[in-house]
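Enquirer: For reference, the structure I am asking about is given below.
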Amino acid sequence: MPITVTPELRQAARRELVRQIEQGASVQDARVSSVVSMHRTTVYRLLKRVQREGGEQALIDGRHGHPVKLRGEILTFLIESCQSNPCVSSPVVQRLMQERFGLSISVSQLNRVRASLGLTRRLIPREKKAQTDLG
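If you read the sequence shown in this note's numbering, its first letter stands for residue 882, the second for the next number, and so on.
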């Protein structure tokens, strides 16, 4: 399972990446040895910002945004629920999460997360009705 990239880990990786490049490593070598993967363009933008602003402040990711709802215990609950009962629908999972955690999450968000984890709903095959001969 891939490591969870926390903001602290990302910031430490940025610091290390800049330090390696300042000590003479190539951007490619620094990217390959980094714990957190970064696109080449992102690295060059980071270096430009360090040159422009200087110091530690340039390395801080100041993005604002909505925090991820499905993490930790809640994500584990979702995975276990869907693995133990692959036929469970997202509205049922939504209700279970509301009851257990008091968390309101949309069905579309649940569907996106389930799809990304490969936990989409598997329907139970139904028997076909026998056709009567009216002949």
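Every residue gets a Cβ at the ideal spot worked out from N, C-alpha and C, and that includes glycine.
For P967, does the three-state DSSP call read helix, strand or coil?
Expert: The residue labelled residue 967 in the question sits at position 86 within the sequence shown. Looking at P967 - three-state DSSP - the assignment turns out to be coil, as it is neither helix nor strand.
Enquirer: Nearest by alpha-carbon distance to L998: which of L959, P972, R933 is it?
Expert: Here residue 998 refers to the residue found at position 117 of the sequence shown. For L998, the nearest C-alpha among the options comes from L959.
Enquirer: CA-CA distance, S914 and E1008?
Expert: As a working mapping, residue 914 is identified with position 33 in the sequence shown. As a working mapping, residue 1008 is identified with position 127 in the sequence shown. Each residue's alpha carbon lies about 55 Å from the other.
Enquirer: What is the DSSP secondary structure of E1020, reduced to helix, strand or coil?
Expert: The chain is shown from 882 up to 1016; residue 1020 falls before or after that span and cannot be answered.
Enquirer: Counting only the same chain and skipping the five closest in sequence on each side, list residues whose C-beta sits under 7 Å from that of N966.
Expert: Here residue 966 refers to the residue found at position 85 when the sequence shown is read from its first residue. Taken in chain order, the list of residues that qualify is empty.
Enquirer: Go through its chain and collect everything with a Cβ distance to F1027's Cβ below 7 Å, but skip five positions before and after it.
Expert: Outside the shown range of the chain, which is 882 to 1016, sits residue 1027, and nothing can be said about it.
Enquirer: Assuming the contact rule is C-beta atoms closer than 8 Å, C968 and R1003 should be a hit. Round their C-beta distance to whole Å, please.
Expert: Stepping through the sequence shown from its first residue, residue 968 is reached at position 87. Stepping through the sequence shown from its first residue, residue 1003 is reached at position 122. Yes, they are in contact, since the Cβ atoms of C968 and R1003 sit about 6 Å apart, within 8 Å.
Enquirer: Just to confirm before moving on: does the CB-CB distance between L940 and R895 stay below 7 Å?
Expert: In the sequence shown, residue 940 corresponds to position 59, counting from 1. In the sequence shown, residue 895 corresponds to position 14, counting from 1. Contact flag set, yes.
Enquirer: Counting C-beta neighbours from all protein chains within 10 Å, is the total for A996 16 or more, i.e. buried, or is it exposed?
Expert: Counting from one through the sequence shown, the residue named residue 996 turns up at place 115. Exposed, by the Cβ-count rule.
Enquirer: Report yes if the CB atom of V917 is closer than 7 Å to the CB atom of V949, and no otherwise.
Expert: Start at 1 with the first residue of the sequence shown, and residue 917 comes out as number 36. Start at 1 with the first residue of the sequence shown, and residue 949 comes out as number 68. It is not a contact, given that the beta carbons lie outside the stated cut-off.
Enquirer: Determine the direct distance from the alpha carbon of I986 to that of E889, and round the result to whole angstroms.
Expert: Within the sequence shown, the letter at position 8 stands for residue 889. Within the sequence shown, the letter at position 105 stands for residue 986. Those two C-alpha atoms are separated by around 27 Å.
Enquirer: Report buried or exposed for A911, applying the criterion of at least 16 other Cβ atoms within 10 angstroms of its Cβ.
Expert: The residue labelled residue 911 in the question sits at position 30 within the sequence shown. Classification of A911: buried, given that the 10 Å Cβ count is 16 or more.
Enquirer: Check for me: the alpha helix (DSSP H) holding A996 runs from which residue to which?
Expert: Position 115 of the sequence shown holds residue 996. Start and end: 988 to 998.
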